[in-house]
């Protein structure tokens, strides 16, 4: 119960922190948005709309709907007299959806776009048309003529805005500055994550999820900048911008599929494997074919947009069906992953509903004309990133716990030195491919432990062992690994060393023996014997150890304290 509450609390904390951050960002952005929008005049009411032989007077462009589908070559004419208080250096701004456009002031053409493309049998692009009105335009008749380049180029008319030329950026901010902020965040996040994943991949580490999240953020940022016309700040070519918009929309399927696959790997059942394979195959086939059809002109990219939206929903559903829910542990990352998928699915459906509401329902709402899909994708990435970070933290904690367990298993409880278990693993490594070219083993035995126990008590005997361990460690740790084999026996393994290192360390050990003995009431005498892997008949670490141990006992037999190598 406590564990479940802890997991639930962790999820709530992450979600709360994310929500607070998003709310704070939204409040700040809305404040900036209100400042920028203060110079933008909505000029969408009172237009005369002529289409298909019918004229509607005093129309509101937000709520006007066509009585039939738009056909290629149709002509939609908008007429309205400009205000007498127009002023100088004013921009008339409106969106153009795959159509050629002209703007006339009292019958004089002030602006024209796309008719040269129609003559070449090409389709004009989507763009935010910004027409600098003549200085004498106040009170004059304004006529906007729109000629669609394809069938069903658009279903609703774009609102018209009047913006001072000095505040040209207001034409873009009017379409929600928060969306531009989200696009900038996605672009920056995507670029950083992709570069980071490439660097991690070069070092041989797993980078799939990081790269997929970065690709999703980067591609969705490109689509957002094209959809909101932010890209026009850098490129005024509407045709290229529109092509980039559609291609990025098609490509979104791949990172979506990759992320869902990595966080929800297909289960072992047959239908789960089939669903996972179908999701991968249709994603790759759709992206490849849509790029080919678009770049070769076989199909207009706008005709593939509905298929692209349905494809993303199909991939989400297939990957949910493919995931092994019975094997998934209900941990915090899994719960956050589930929430991210729910947010993505619901948000994507809601954005599609918004688009169709804008087409078929007459509501005067600016929000219906602009997608909130970038915000949904950013929320999805934040949640997936939070789950990924929790997984990394859990892995680090598990690794640390495992290392601590290994450290406890490999350490002697009394002296803190490595124990016999570690020595066995070390001997196995010495016979492997990464074995050193040569090594030396020095065996030690503490003299007089039993006598010290009998004379001064067991505590003094334990102190003698600890003193001897400190002496050996301080003498040999600079060149080798010190191990307590048990009782009063120790060894030192020196890798890629020489007998000179052994002699240097033994000399230091003698000095430390005398120093320690001066402060203790018992004698400190350590016998030793050394052997090297370079000697004949030293075929294995056990052979070297046995030879060093034999020399140790020869030393104990011949002299109470002397040198024997």
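Numbering (the working numbering), first residue to last: 96 to 660. Backbone N, C-alpha and C define an ideal beta-carbon position, used for all residues, glycine too. Nothing here was measured: the structure is a model prediction, and the numbers come from that model.
Worksheet item: Which value, in whole angstroms, describes the spacing of the CA atoms of residue 182 and residue 172?
Response: 25 Å
Worksheet item: Ordered along the chain, which non-local residues of its own chain (more than five positions away) have a Cβ less than 8 Å from that of residue 249?
Response: 165, 192, 193, 194, 243
Practice prompt. Taking the CB atoms as reference points, tell me whether residue 396 and residue 485 lie closer together than 8 Å.
Written response: no
Worksheet item: From residue 245 to residue 341, what does the alpha carbon distance come to, in whole angstroms?
Response: 15 Å
Item to complete: Use the C-beta contact count for residue 609: other C-beta atoms within 10 angstroms, 16 or more gives buried, fewer gives exposed.
Response: exposed
Worksheet item: So residue 229 and residue 197 are in contact, right, with Cβ under 8 Å, and what is the actual spacing, rounded?
Response: Not a contact, Cβ separation roughly 15 Å.
Worksheet item: When burial is assigned at 16 or more other CB atoms within 10 Å of the CB, is residue 649 buried or exposed?
Response: exposed
Discussion item. Judging by CA-CA distance, which residue of 408, 502, 587, 314 is the nearest neighbour of residue 573?
Written reply: 587
Discussion item. Can you confirm whether the segment 498 to 517 touches the segment 308 to 316 when touching is taken to mean that 3 or more C-beta pairs between the two stretches lie within less than 8 Å?
Written reply: For the pair of segments examined, the segment 308 to 316 was found not to touch the segment 498 to 517: the number of CB pairs separated by less than 8 Å stays below three.
Item to complete: Please state if the CB of residue 380 and the CB of residue 349 are separated by a distance shorter than 8 Å.
Response: no
Fill in: Opening and closing residue of the alpha helix (DSSP H) in which residue 639 lies
636 to 653
Discussion item. Just to confirm, is the Cβ distance from residue 623 to residue 538 under 8 Å?
Written reply: yes
Discussion item. For residue 422, which residues in the same chain have their Cβ closer than 6 Å to its Cβ, ignoring the five residues on either side in sequence?
Written reply: With a pLDDT of 46 at residue 422, under the threshold of 50, the modelled position of this residue cannot be trusted, and the question is left open.
Worksheet item: Candidates 281, 322, 618, 444: which alpha carbon is nearest residue 221's?
Response: Minimum Cα distance to residue 221 is reached at 322.
Practice prompt. Have a look at residue 613 and residue 595 and give me their C-alpha separation to the nearest angstrom.
Written response: Computed Cα separation, rounded: 28 Å.
Discussion item. Helix, strand or coil for residue 131? Go by DSSP, reduced to three states.
Written reply: Because residue 131 carries a pLDDT of 48, less than 50, the predicted location of this residue cannot be relied on, and the following value inherits that uncertainty. If DSSP states are grouped into helix, strand and coil, residue 131 belongs with the helices.
Practice prompt. Run through the segment 274 to 350 for me and flag every whole beta strand (DSSP E) of 3 or more residues, listed as ranges in chain order.
Written response: none
Discussion item. According to DSSP, is residue 574 part of a helix, a strand, or is it coil?
Written reply: In the structure shown, residue 574 falls within a coil segment according to DSSP collapsed to helix, strand and coil.
Practice prompt. Could you check which residue in 236, 433, 277 has the C-alpha nearest to that of residue 412?
Written response: When each option's Cα is compared against that of residue 412, the closest is 433.
Worksheet item: Any idea which residues DSSP pairs residue 142 with across the strands?
Response: 154
Worksheet item: residue 236 to residue 200, Cα distance in whole Å?
Response: In a straight line, the C-alpha of residue 236 is about 6 Å away from that of residue 200.
Fill in: Cross-strand partners of residue 622 (DSSP beta bridge)
540
Practice prompt. Quick one: grab the DSSP three-state call for residue 610.
Written response: Here DSSP, grouped into helix, strand and coil, assigns residue 610 to helix.
Discussion item. What residue range does the beta strand (DSSP E) around residue 165 cover?
Written reply: Taken as a continuous stretch (DSSP letters only), residue 165 belongs to no beta strand (DSSP E), as it is neither H nor E.
Fill in: Beta-carbon spacing of residue 615, residue 512 below 8 Å
no
Fill in: Length at least 4, wholly inside the segment 197 to 238: the alpha helix (DSSP H) runs in chain order
210 to 214
Fill in: Minimum C-alpha distance to residue 662 - residue among 496, 491, 436
With the chain running from 96 to 660 in the structure shown, residue 662 is simply not present.
Discussion item. Can you find the residues in the same chain that come closer than 7 Å, C-beta to C-beta, to residue 541, ignoring five residues on each side of it along the sequence?
Written reply: 559, 560, 563, 583, 621
Discussion item. According to DSSP, is residue 630 part of a helix, a strand, or is it coil?
Written reply: Here residue 630 carries a coil assignment [DSSP, helix/strand/coil].
Worksheet item: Based on Cα-Cα distance, which residue from 327, 233, 155, 135 lies nearest to residue 224?
Response: 327
Fill in: residue 468 versus residue 443 - alpha carbon distance
7 Å
Discussion item. Within 10 Å of its beta-carbon, does residue 336 have 16 or more other beta-carbons around it, so buried, or fewer, so exposed?
Written reply: buried
Worksheet item: Is the Cβ-Cβ distance between residue 643 and residue 536 less than 8 Å?
Response: yes
Worksheet entry | For residue 526, the nearest candidate out of 553, 628, 585, 489 (CA to CA) | 628
Discussion item. I'd like to confirm the pairing. Which residues does DSSP put opposite residue 137 in its beta bridges?
Written reply: Beta-bridge partners assigned by DSSP to residue 137: 256.
Worksheet entry | DSSP three-state assignment for residue 588, whether helix, strand or coil | strand
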